Structures are given as structure tokens and as C-alpha cells.
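0 is the number of the first residue of the sequence shown in numbering that gives the first Met the number 0; add one for each residue after it.
We treat Cβ as the ideally placed atom computed from N, Cα and C, and that holds for glycine.
Please read all numbers here as calculations on a predicted model, not as lab measurements.
To start, the structure itself, in C-alpha cells.
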Amino acid sequence: MSETNDPHVAKFVYDFTEGNKDLKDLLGGKGANLAEMTNLGLPVPPGFTITTEACKVYLDSGHEPVALRDEVSAHLGALEEKMGKKLGQADDPLLVSVRSGAKFSMPGMMDTVLNIGLSDTSVVGLAQQAGDERFAWDSYRRLIQMFGKTVLGVDGERFEDALDKAKAAKKVTVDTDLDAADLKKLVTHFKKIVKAEAGRDFPQDPREQMDLAIHAVFDSWNTDRAKLYRRQERIPHDLGTAVNICSMVFGNLGPDSGTGVAFTRDPASGQQGVYGDYLQNAQGEDVVAGIRNTVPLADLERIDKTSYDQLMQIMETLETHYKDLCDIEFTIERGQLWMLQTRVGKRTAGAAFRIATQLVDQGLINEAEALQRVTGAQLAQLMFPRFDDEYAGGGKGAERIGRGIAASPGAAVGKAVFDSYTAIKWSRSGEKVILIRRETNPDDLDGMIAAEGILTSRGGKTSHAAVVARGMGKTCVCGAEELEVDTKRRRLTAPGGVVVEEGDVVSIDGSTGKVYVGEVPVVPSPVVEYFEGRMHAGADDADELVGAVHRIMAYADRVRRLRVRANADNAEDALRARRFGAQGIGLCRTEHMFLGERRELVEKLILADTEEEREKALGDLMPLQKRDFVELFEAMDGLPVTVRLLDPPLHEFLPDITELSVRVALAESRKDHNENDLRLLQAVHRLHEQNPMLGLRGVRLGLVIPGLFAMQVRAIAEAVAERKNAKGDPRAEIMIPLVGTVQELEIVRDEAEQVIGEVQGRTGIDLKLALGTMIELPRAALTAGQIAEAAEFFSFGTNDLTQTVWGFSRDDVEASFFTAYLEKGIFGVSPFETIDRDGVGALVRDAARAGRATRPDLKLGVCGEHGGDPESVHFFHEVGLDYVSCSPFRIPVARLEAGRAASSANGSDHR
0 MSETNDPHVA KFVYDFTEGN KDLKDLLGGK GANLAEMTNL GLPVPPGFTI
50 TTEACKVYLD SGHEPVALRD EVSAHLGALE EKMGKKLGQA DDPLLVSVRS
100 GAKFSMPGMM DTVLNIGLSD TSVVGLAQQA GDERFAWDSY RRLIQMFGKT
150 VLGVDGERFE DALDKAKAAK KVTVDTDLDA ADLKKLVTHF KKIVKAEAGR
200 DFPQDPREQM DLAIHAVFDS WNTDRAKLYR RQERIPHDLG TAVNICSMVF
250 GNLGPDSGTG VAFTRDPASG QQGVYGDYLQ NAQGEDVVAG IRNTVPLADL
300 ERIDKTSYDQ LMQIMETLET HYKDLCDIEF TIERGQLWML QTRVGKRTAG
350 AAFRIATQLV DQGLINEAEA LQRVTGAQLA QLMFPRFDDE YAGGGKGAER
400 IGRGIAASPG AAVGKAVFDS YTAIKWSRSG EKVILIRRET NPDDLDGMIA
450 AEGILTSRGG KTSHAAVVAR GMGKTCVCGA EELEVDTKRR RLTAPGGVVV
500 EEGDVVSIDG STGKVYVGEV PVVPSPVVEY FEGRMHAGAD DADELVGAVH
550 RIMAYADRVR RLRVRANADN AEDALRARRF GAQGIGLCRT EHMFLGERRE
600 LVEKLILADT EEEREKALGD LMPLQKRDFV ELFEAMDGLP VTVRLLDPPL
650 HEFLPDITEL SVRVALAESR KDHNENDLRL LQAVHRLHEQ NPMLGLRGVR
700 LGLVIPGLFA MQVRAIAEAV AERKNAKGDP RAEIMIPLVG TVQELEIVRD
750 EAEQVIGEVQ GRTGIDLKLA LGTMIELPRA ALTAGQIAEA AEFFSFGTND
800 LTQTVWGFSR DDVEASFFTA YLEKGIFGVS PFETIDRDGV GALVRDAARA
850 GRATRPDLKL GVCGEHGGDP ESVHFFHEVG LDYVSCSPFR IPVARLEAGR
900 AASSANGSDH R
């Protein structure tokens, strides 16, 4: 089928001159940006893109679309006409690359094949046209190697071993020292490997090569490593990949040729300057793979000043055009510069904040766009500790053994492991590990995820390890050449004969590139010091990063609608939360006030046989509770504090049944009877439940145990009165947990109002205590309109709501089958980490709507762990909640994401 103008017929192939950067859904990121660079008049080799729609049809049906072959033929014909030669032509072959290119960057996760079109006959024509026999046979060798591994499924180690033997036989160490005769022999050997391993000859028909390579790229979308990467980066699985067919340009034609990767700013720090890697006489995969060590991009000025100057001009053009850090791949063919790819570059968390504010200062973007350029996950990374400078010099339990390239910042300490399997195995056993490799490849992804950090002896800032680590926020040091990594013997040897065996503790500093044997102590990050109030953004000694964080946080606070509260149970946590920007406490768990020495008083309450004993136990607890609340209200003076009445089942305050049974049995064997232990054991048996999460807890405790909730309400009311007498401004809210029906709430509310009235009458103080409930059961969400008649506020307890909606016991399922569910794609992410929008989220949305229909001024919040999860915060903004509540450390993240949710700008997506 030829090109058609019928709008009802799908178009599966686009020339680079037809697309633009806004067509990423259809052309993938690489194809859209190649088209954009072509539109800008930059030197891009001609080519065309097969759309993601074609990939989806192929993956769904197992066959390419019927129209695809004819469309590809038409575009290939146009490309051949433009280039003046045909694909695989014997005397002067057109060669092409076949590259993947999804909407979101997935570095190294999918497949690429270079030099398509070479065969036993066309390799001779290429040698004659290039005037370089070695180059032609090296290109053919590369094709068979890549095609064999990527398309035909041959183990890549077979080719690497053969290449290593060829170099060893000639007593050389680098590929470029092999001559044309050596490479001819290697091609023959490689073809034998293909025949033996794939059961077929290497295809000599260039169109068959191209078609098979296209299918291989489509198939690579669903490889295990690609699916794992998408889960890690939360990239949807149904997008598919585009395929880019691009005329080849060669960086391996000699010393006046080469290939490189450039960044318009440092992706590790955000600093402006010349950043990237260059490799003479090489093809692009050599740089990214990290197999040969590169030279800094700045050296290109000395090697080829004309190309360097042109590249600098193009980099400025691209950054101004995209208004962001750009990541660029280029090749120089005999002094001619060619642009092979650009994209908005992945960057570290610190670089993201710095670059966003720099671009505002340059007038390229506004503050709203800057806010969209950073994420809560990146802010959380900046709050991780760093190595203590006092110890980082070595000599205090840690010895510096080398230094590499600071590829992705952070401080990582763990046991040395030398393969991904061990990294996964040890991390699942609770060990922290550092994955050490000569260089990483896409098959190492799961080990990289499991490790605290990655250390390689080869590669630069643009190697696979560096790019993937930056994307994941993992600490990474690359290209530590002085360290000799022996993966087979599982050891690392440093200068001076220092040997690090598997299991030895190492520390790596991704901010400086330093590597240590032993554990280097860590100290708080400057960003945490800023949030704690110990460092001021405007101070002379303030970190540039702190200044960037301050500016973006200030803007987020100005534009956000959602307020952010803290989950805090004591004055110390409350004060820290306030320093971190909390606007109140959304959840004070009173059960935490009954631990330690007070547990005995709870035991007395449980063992009480008479009303007098119960009242005595409650009377002993009341002043302790009151003191806790006075301290809490003082710490949060002027801000709301939501106090949840006792929620967990009472047996949690009693000794473990096994431990207690042994204690009683031993006492009986000694005829040393302990009456209290016997009564406790009887109480444990009496209170034992098959499923305590759904048993006697929450509001049910208040209804079954007379005086329990009344004691807590009295303690809250008297604490409020005391603070008001002290000229404070306490704003307490009383929350009744686990309500399933309005009748439960009405009974407890009536009792609470009576107690509050008594305290008001006795003190003469208007206490103004709000009464509300947690919505954490499906029935509560479904009857929210009724419950709102008796509640002044709702707080969604999304932890228990998730358990009850899914029918999960979190403690059981996370340890048993959640890993399998994630691997099978049933979950993209655990519903306990990010709100399940379609299930739990739908109940939250409907309950909020129904509650406000009954009571328009109903205050709505959330106090589950989802309150600090970036993606969930956006959902809570969308459904109209008033606040989120989370742990103190996550408050800055929630503030930032609440601002991002409120901002209408469409920011760059760096996935």
C-alpha cells in the first residue's frame, strides 16, 4: 500500500521531515525529537519513523499491520533516492540503523541494531567506497554481533569471548588494534556462532535484516528488563515503542571520526558548562556501553575545533528551543558533525532544582513551569544524609581506595557484591549492598534497583550505569579506572594491593566520586538543615541548592490549595513537624501514649472486675493523658490538632500469649503462683481474636468499655481549658475511629458532648471542640451522607480503607504475594504506597461528595500514609480535600506536590 490521504486509514510511517516534538505519543521521544531537529535545520541523517501504533498492533496480534510493509517500502524508496544508493547495494551500500524510541526515555532497556544492509558482498563495496578495508569489516563484525544478540537471541558472551580471544591472540587490548585481516576472521567466526546458536545462517538479504530488526525492536518492549524499568519509573505498559530507521553515519572511520554524548548542563549538579563524553574512532554504542573509557567532551576542542564549535552552537540552540537541559548524541564522520538524538535530559535531584531556578533567572520559563520541573521524589532524595566530611578523608574506620566519576550523587554504604543475582538475594535478606561491576548493561537493572549504590571501573557520565542510576536516584560512581574489578573471583583490587572481597563493607560518594573500604558516617543533608531552621537560604554560607529549594518551596506554598498537616503523637515530633512547615496535626494516635510504663495501667483497666476498679484505672490514666495533650497543644499553638481516640484492640497492650504462657508454666513448675500473670493470661485468651483488625477496636471499644472514651475526651477538654487559661490558642479536634454506621457515631458523640459540657461548666471556658470521624471502612464511605449529619469533619484513613476494600491484611500480603503481583503487572505500584484511584479512590471521591452534600462546610482530610505520597497528593487535590497529613519528614514533599497539583503549567516530563 502506498501513501494515502484518507483520514480514516492509519498512517504508520512518518519521514523525519513530517513530525515534530509534540508527537511523542505517536513517534516516541527519539522520533519526535529527530523530526524537531530536522525542522530546526540541524544536521540530522535522513530517515523515517514507524509509529507506536504499529507496535501496538504487532504486540496485540502477533503480526505487523497489513499496510506497514508497503509504507516502509515507500519511505525506504524515498530515502534511497535521496541518498543516491540502495539498501545493501553491492558496490555502494546504503546502511541504516534500526533504533527503538518510546515516549519516555528507557536508556538501554530496548534494542538497537546498527549497520543494517551489510552482507558478504556489500562489505566489499563499503570498503572500496570508504577507502578503508578495516572500517568495513569492523562495521560488518558489529552488525553480526548486534543482530545475533538482539534479533536472533544468541548469548552476547559468545561474541565477546571470541573478540577477547582475537585480541589475546594478537597480544593487543583494544578493538582498534585489530586489522582488516583479523576482523575478516572474526566475521567468519561470528557467522559460525550465529549458525550454531540460532540454527540459521546470518541473513544476507538487506530487507530481511531490516524487517527482522524492526520486529525485534517491537518485541523488546515486552522484555523482562523493559517491564521492570517501566514499573520502577511508573511508565504505562500500553504505550509501545516507535522504531527509527536512520541512514548510517560512521564514527569509526579513523581518528577524524568519533561519537559522543553531550549535555547542555551538568546532569549531576546542574552547573552550566561543557559536559559529556567523546570517543574517537568509535560507534555510539561504545560510549553508552562504557566498554571503552571516553575523554571529556572539552577535549574535542583540541581534537576537532570546527566540529566542537558547531556542536556548542547547536547545544545552545537546542537548550533555548526546548527551554531545558538537553541530552544529545552525535557522531562525527570525517570531520562532518551529525546529530543522532536529543531529548530533555535526565538529571539528579539537585540538578533539577538548580536548573529550574536558573532557567527562571534566564527568563526561559516562569515560576509555575519551574515548579513542574521538580518532583516530591526528587526533594525526598535531597533530604537523605551525606558523608561526614570529617571522616571522608579516611583514617577513621574507613580507608579511601580510589576515585571515579561522580555520576549520581548521594552517600551509599553496603556490602560489596559483584553480580545482580547476589545483590537481589542479599537485599531480600535485609542486607544493604553496593553493586560493583566493570560496566553495567541492561540485564543488571534488577540488581541496580536492589543495591544502595553502583560502582563501575569503566564508563563515564553517559554510560548505562550513570544514566540509569540518575533516573532512579541511586548513588553511582563510574569509571574508577584504578580499581581492578574481577567479577569471576568476586573481588576488587585497589592501588597498593588493597583487596575488597565480596561481603566487605564499602562506601561510595556519588557527589565526589570517592570510594572507601569500610563505613563512612553520614550527616544530615543541607536541605534538612534548612527545613530544621538551622540554615537560612539567604545566609552568606548558604548552599546554592538550598537557595533553589527555598525559592521553589516558597512558590509551591503560595499557589497550593491543600493544607499539609503532620501525623505526630508527642510534642517533640509536633515541633519538628512545625519546623518542616506543618499547618497542624492531622492524626495524633493516642494509643502511643499508653506504651512503656503506662502499659501497667492499661493492664489494670483490662483486668478490672468491678466498676470501682475500672474507674480507678481510668482515673490513673486521665492526668497522664491530659499532660500529653497540654504539651501537644502548646507545641502546635494556633494550629489544629486532630486527636484520634483509642483505636487498636486491647490485647495489643498485653504480653505476648506465648511468652506469658511460658512464664505461667515455669512459675507453676516452681509452685510459685503469680496471680496477676494468671489473670493476664486469662485476659489474653478472653480477648484473643482470629482477625483483630476487624474485631473489637476503634469506636467499638468506646461502646463496649464504659468510660474509656469519656476519659480521653475529658483529658482533651481539660488540656484545652488549661492552655486557654495560659493565654494559648489550642485548636483541638476529636476524631472517632472505625465508624461504620451513623448510630455508632451518634452514641459516642452524645457522650463526648456531655463530658465537654461538664468541663465547660466547671471552668467557664468555651472550648470549641470539633467532633468528627475517620472514614476507613467501605460502609462508612458508602453511607457518608448519613454520617456527615453527626460529624463536623471526615479524615480518610486510607491505610485501613485499602485493606478493607481489597480484602488484604497488609502485614500478611506484603510478605507473601505482593512481589508476584508487582512482577505480573497486577499492580503498577503497591496500593499501600499510592492510592488505588479506581477502587479506594472512587470511595474517597464519592464519600467526599456525599458528605458535603449533607454538610457543605464539612472539613475533609486524609491521614493515611498516602498523605505523603506524591501521586496520591495530586489525587486528593483533584477530589477537593482540604488537607493531607503525613509523617513529619514527608511534609516538605507533600507541600511541594500540593503546589504542583494546584499549578496549571504543563511541565517537562523527564522519565
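Residue i at chain B interface by Cβ criterion, 8 Å
i       : result
Asp-163 : The structure shown has no chain B; it contains just one protein chain.
Counted within 10 angstroms of its Cβ, other Cβ atoms place residue i as buried (16 or more) or exposed
i       : result
Phe-15  : buried
Asp-160 : exposed
His-463 : buried
Asp-276 : buried
Val-661 : exposed
His-236 : exposed
Lys-922 : Only positions 0 to 910 of the chain appear in the structure, and residue 922 is not among them; the question remains open.
Asp-163 : exposed
Tyr-307 : buried
Ser-815 : exposed
Asp-137 : buried
Gly-40  : exposed
Asn-690 : exposed
Glu-257 : Checking the sequence, you will find Gly at residue 257 rather than Glu. Buried.
Same chain, Cβ closer than 7 Å to residue i, neighbours up to 5 away in sequence not counted
i       : result
Thr-3   : Confidence is the limiting factor: at Thr-3 the pLDDT is only 41, short of 50, which leaves the residue's position unreliable, though a coordinate-based value still follows. Counting only Cβ-Cβ distances below 7 Å, and skipping sequence neighbours, we find nothing.
Val-861 : Ser-794, Phe-795, Thr-797, Phe-875, Leu-880, Val-883 and Ser-884
Leu-151 : Val-193 and Ala-197
Ser-1   : Residue placement at Ser-1 is flagged as unreliable, the pLDDT there being 38, under the threshold of 50; the coordinate-derived value follows with that caveat. Closer than 7 Å at the Cβ level, and outside the excluded window around Ser-1, lie Asp-69 and Ala-73.
Met-621 : Met-710, Arg-713 and Ala-714
Met-145 : Val-112 and Leu-113
Ala-901 : Val-558, Arg-559, Arg-560 and His-876
Ala-541 : Met-534 and His-535
Val-545 : Pro-525, Val-526, Tyr-529, Met-534 and Ala-536
Arg-910 : Since pLDDT at Arg-910 reaches only 47, below the 50 mark, its modelled position is unreliable, and the value read off the structure follows with that caveat. Same-chain partners within the cutoff: Phe-103, Ser-104, Glu-232 and Ile-234.
Ala-135 : Val-122, Leu-125, Ala-126 and Ala-129
Where residue i sits in the DSSP three-state scheme
i       : result
Gln-309 : helix
Thr-853 : helix
Trp-337 : strand
Lys-625 : helix
Cys-862 : coil
Asp-326 : strand
Asn-365 : coil
Lys-84  : coil
Thr-374 : coil
Ile-143 : helix
Ala-900 : helix
Gln-127 : helix
Ile-400 : strand
Beta-carbon spacing of residue i, residue j below 8 Å
i       : j       : result
Thr-853 : Ala-769 : no
Gly-517 : Glu-651 : no
Arg-722 : Val-872 : no
Asp-485 : Phe-386 : no
Val-95  : Ser-246 : yes
Thr-740 : Thr-782 : yes
Leu-766 : Val-758 : yes
Asn-32  : Gln-282 : no
Asn-365 : Val-359 : yes
Leu-252 : Asp-131 : yes
Phe-329 : Met-338 : yes
Lys-414 : Glu-430 : yes
Own chain partners of residue i with C-beta closer than 8 Å, once the 5 adjacent residues on each side are dropped
i     : result
Pro-6 : The predicted position of Pro-6 is uncertain, since its pLDDT is 42 and thus under 50; a value taken from the coordinates is nonetheless stated next. Around Pro-6: no qualifying Cβ.
Residue i CB to nearest heavy atom of the ligand PLP below 7 Å
i       : result
Val-861 : As far as ligands go, the structure on display features none, and thus does not contain the ligand PLP.
Neighbourhood of residue i by C-beta distance below 6 Å, restricted to the same chain and skipping five residues each side
i       : result
Val-242 : Ile-49, Ile-213 and Val-216
Worksheet item: Counting Cβ pairs closer than 8 Å, one from the region 337-353 and one from the region 262-281, do we hit at least three?
Response: yes
Query raised in the report: Is it true that the region 407-415 meets the region 467-476, where meeting means three or more beta-carbon pairs spaced less than 8 Å apart?
Result: yes
Using 8 Å as the cut-off, can you tell me whether the region 213-232 makes contact with the region 164-183, which would need three or more C-beta pairs spanning the two stretches below that distance?
no
Inter-stretch contact at 8 Å, needing at least 3 Cβ pairs: the region 115-132 / the region 203-215: yes
- prompt: Do three or more CB pairs link the region 228-244 to the region 304-323 at distances below 8 Å?
  reply: no
Pair every Cβ in the region 296-303 with every Cβ in the region 498-514, then say whether three or more of these pairs are closer than 8 Å.
-> no
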